Amino acid sequence: MRNRMLLALCVAAAAACGVSKDEFAAQQRDAQQNLQKYQAESEKTAALEKKLTEVQQQNTVLQQQLAEATAASAKLQEEKGALEAKSGQYQQLANSLQSQIAAGQVEISELRGKMTVKLKDRILFSSASASLNKQGKAALDAVADAFKDLKGKNVVVAGYTDNVPMGAKTGFEDNWALSTARAVNVVRYLQSKGVSPAVLGAAGFSEYRPLVPNDTATNRSQNRRIEIALTAADNPPIVNAAK
């Protein structure tokens with residue numbers, strides 16, 4: 159209806175201006191063609207703007223994915239470096255303790271980022287004693303060489319015993335006292351060989367975490383042990399600033 163009214167007005171205006179009917183029809187066709195061209199260009203522009211928006215959104219997604227991939231790559235490189243460093247320490251210990259390992263006195267293992275050195279009590283101490291012997295010190299020297307430059311790690315020494323009660327002449331009240339004293343003496347020796355005390359820790363577990371049942375002499379021998387675990391530090395040491 160609106161278009162008809164406009165057409166009527168145009169006809170009237172053309173008549174008033176002395177424009178012939180044919181000329182007006184030609185002008186009307188031109189106007190219609192121009193309008194169609196304008197509408198077509200407008201549709202193309204809208205389509206291009208929509209496409210541009212889609213491309214910009216895709217670009218944002220790609221940039222996010224690139225950032226995530228870069229972060230993942232950096233993490234993999236970090237983990238690779240940590241794994242190589244850990245394997246280097248493992249190899250150093252294995253090479254240094256190969257004779258003790260071959261003799262079944264020492265075991266080394268790595269599991270989920272934790273390296274553990276397990277030493278039979280007889281290689282370190284005499285029976286019911288917490289004093290390190292010459293053979294034990296030689297083994298701990300190799301451990302200290304591998305651990306003395308550690309940063310961001312914990313070295314936890316744990317003592318374990320069998321379930322045989324302490325005699326009155328041993329100087330220890332019970333297996334708690336013996337396992338703890340042994341762990342502390344190993345820690346002190348490692349510190350004396352250059353391992354930072356900030357990364358060291360000691361724990362005694364007495365007879366309550368056996369590897370095997372304490373029902374034979376062989377099994378009790380397995381349960382009497384020192385384990386030195388290298389793990390990631392949970393918290394950095396707190397250093398009080400001098401006032």
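Here the sequence shown stands for residues 159 to 401, where the numbers follow this note's numbering.
No residue lacks a Cβ here, since even glycine has one placed at the ideal position from N, Cα and C.
Since this is a predicted model, take the numbers as computed values, not measurements.
- Contact check for L251 and Q263: beta-carbon distance about 14 Å, past the 8 Å limit, so the pair fails to qualify.
- By the beta-carbon neighbour count (other beta carbons within 10 angstroms, threshold 16), Y366 is exposed.
- Around the beta carbon of T319, 16 or more other beta carbons lie within 10 angstroms, which makes this residue buried.
- Taking all protein chains shown into account, Q191 has fewer than 16 neighbouring C-beta atoms within 10 Å of its C-beta and is therefore exposed.
- A direct Cα-Cα distance of roughly 15 Å separates A296 from R346.
- Taking the C-beta atoms as reference points, Y248 is found no nearer than 8 Å to I259.
- With a cutoff of 8 Å on beta-carbon distance, L282 and I384 are scored as near each other.
- Rounded to whole angstroms, the Cβ separation of K272 and A302 is 19 Å, and the two are not in contact under 8 Å.
- In the three-state DSSP reduction, R383 falls in the strand class (E or B).
- Under DSSP, N192 takes part in no beta bridge, so it has no partner.
- Counting along the chain, the unbroken beta strand (DSSP E) around T274 starts and ends at K272 to K278.
- Inter-segment contact for the region 373 to 390 and the region 324 to 336 is absent: fewer than three beta-carbon pairs are separated by less than 8 Å.
- Runs of the beta strand (DSSP E) lying entirely within the region 295 to 343, each at least 3 residues long, are 311 to 318 in chain order.
- Shortest Cα-Cα distance from L308 to any of A375, S354 and E268 involves S354.
- Counting only residues of its own chain and dropping the five nearest sequence neighbours on each side, W334 has a CB closer than 8 Å to the CB of G362 and S364.
- One thing to note: T338 has its Cβ no nearer than 8 Å to the Cβ of G359.
- The beta carbons of L298 and V344 sit about 7 Å from each other, so the pair counts as a contact at 8 Å.
- Counted as a single uninterrupted DSSP element, the beta strand (DSSP E) harbouring A361 occupies residues L358 to G362.
- Looking at the DSSP output, A390 shares a beta bridge with K311.
- With a threshold of 16 other beta carbon atoms within 10 Å, L234 falls short and is exposed.
- The C-beta distance from L369 to A300 rounds to 23 Å, too long to meet the 8 Å contact threshold.
- Residue burial is scored here from C-beta neighbours: L220 has fewer than 16 other C-beta atoms within 10 angstroms and is therefore classed as exposed.
- The beta carbon of K306 sits closer than 6 Å to the beta carbons of G352 and V353 from its chain, once the five residues preceding and following it are set aside; these are given in chain order.
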